[in-house]
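Just below is one structure, and these are the notes that go with it.
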Amino acid sequence: MGRLIKNHLARLVVMSAGVYQIVAAISGLFWPKIFFDFFSRSLDPLVKPVPILQVLNLLIGFTMIAWEWPLGMIAGSALHRSIVARMVFLPVAVLASVLLYQAT
């Protein structure tokens, strides 16, 4: 019973992180340069002329939500059941989120 609750809590945490990542990407599309502009300008090309990081975070956020709360065609597939695929994908999602946070 405890394992089931922990897995459910982990799914809820990942889904809430996906929603937050989507909201951050959308707000980054409208206000691309508010934070940390004085700190570093090395990530400016990924944010300002073409919103590469914002679109990437938007896609990753939707992927995270679709993976944890799947549609009928995705549920039960090998990719949906794979823990290894999630362990590879989630650090990439974290890296994209951190880059967006640092760049905007």
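Count along the sequence shown starting at 1, add 872, and that's the number in the working numbering.
The beta carbon of each residue, even a glycine, is placed where N, CA and C say it ideally should be.
Let me know if Phe-908 comes out buried or exposed under the rule of 16 or more other beta-carbons within 10 Å of its beta-carbon. With a pLDDT of 48 at Phe-908, under the threshold of 50, the predicted position of this residue should be treated as unreliable, though the coordinate-derived value follows. By the Cβ neighbour-count rule, Phe-908 is exposed, with fewer than 16 other Cβ atoms within 10 Å of its own.
Where does Ala-897 sit, in a helix, a strand or coil, going by DSSP? Helix, per DSSP.
What residue range does the alpha helix (DSSP H) around Leu-925 cover? For Leu-925, the uninterrupted alpha helix (DSSP H) run begins and ends at 924 to 940, by DSSP.
Is the region 956 to 967 close to the region 894 to 905, with three or more CB pairs under 8 Å? Output reads no: the region 894 to 905 does not touch the region 956 to 967.
Tell me whether the region 928 to 938 and the region 878 to 885 touch, counting them as touching only if at least three CB pairs, one residue from each stretch, are closer than 8 Å. These segments do not touch.
With DSSP run on the structure shown, which of helix, strand or coil describes Gly-944? Correct three-state label for Gly-944: coil.
CA-CA distance, Val-891 and Ile-937? Each residue's alpha carbon lies about 7 Å from the other.
If you draw a straight line from the alpha carbon of Ile-898 to that of Ile-946, how long is it in whole angstroms? Each residue's alpha carbon lies about 26 Å from the other.
Suppose you measure from the CA of Leu-881 to the CA of Gln-974; what does that come to, to the nearest Å? So the two alpha carbons sit approximately 28 Å from each other.
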